[in-house]
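Numbering (our numbering), first residue to last: 1 to 162.
For each residue, glycine too, the CB sits at the ideal point set by N, CA and C.
Written out as structure tokens, the structure reads:
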């Protein structure tokens, strides 16, 4: 500062000089809170329907087709019906149909199906793939249980006719 000049620093009580003009207002937070409540409710409800799971579904590999493709000796098709019965159909060198009746409570006899699939695999060791068919009314959990049971004996399970 130069000599003779007075400091004009902010001083709150001096004739209005340097006073900040402030406006008092209330911030209305109600709409923001309402939005967050709706978003939180939406996330919680949608999380209840989201389930994380892995279903190993094979797809055909790209590239040139193999030169020598041999048909399997037998083919197996497993069908789940809405009433709880399980049908198995063998075609090829051995053609027969196996029907497993539903359990007394109307459920599927998954262990018996697994045993039959293991017997078929023991008789036909070259059987590496099977098809599983189920109607729309069959519970999803039964389809997944069937896939897991069949894979214990036959590694390739393709979903068919859904």
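Asked                                                                                                             : Found
Extent of the continuous alpha helix (DSSP H) to which residue 115 belongs                                        : 110-123
Cβ shell of residue 23 (< 6 Å), same chain only, five flanking positions each side left out                       : none
Simplified DSSP assignment, three categories, for residue 154                                                     : coil
Supposed close pair residue 131, residue 77 - CB separation, criterion 8 Å                                        : 5 Å
Cβ distance (whole Å) where residue 80 is taken to contact residue 142 below 8 Å                                  : 6 Å
The segment 37-51 contacting the segment 88-100, beta-carbon criterion three pairs below 8 Å                      : no
Check whether residue 138 and residue 102 have beta carbons under 7 Å apart                                       : no
Element boundaries [beta strand (DSSP E), containing residue 100]                                                 : 96-100
CB contact flag (residue 113, residue 86, <7 Å)                                                                   : yes
Residue burial classification, residue 120 (beta-carbon count within 10 angstroms, cutoff 16)                     : buried
Reference residue 105, options 136, 28, 84, closest by Cα                                                         : 84
Given residue 149 as reference, the closest of 135, 108, 25 once Cα atoms are compared                            : 108
Outcome for residue 29 when other beta-carbon atoms lying within 10 angstroms are tallied against a minimum of 16 : exposed
CA-to-CA distance, residue 134 to residue 163, given in whole angstroms                                           : For residue 163 there is no data in the structure shown, the boundaries of the chain being 1 and 162.
Range covered by the beta strand (DSSP E) that runs through residue 134                                           : 129-134
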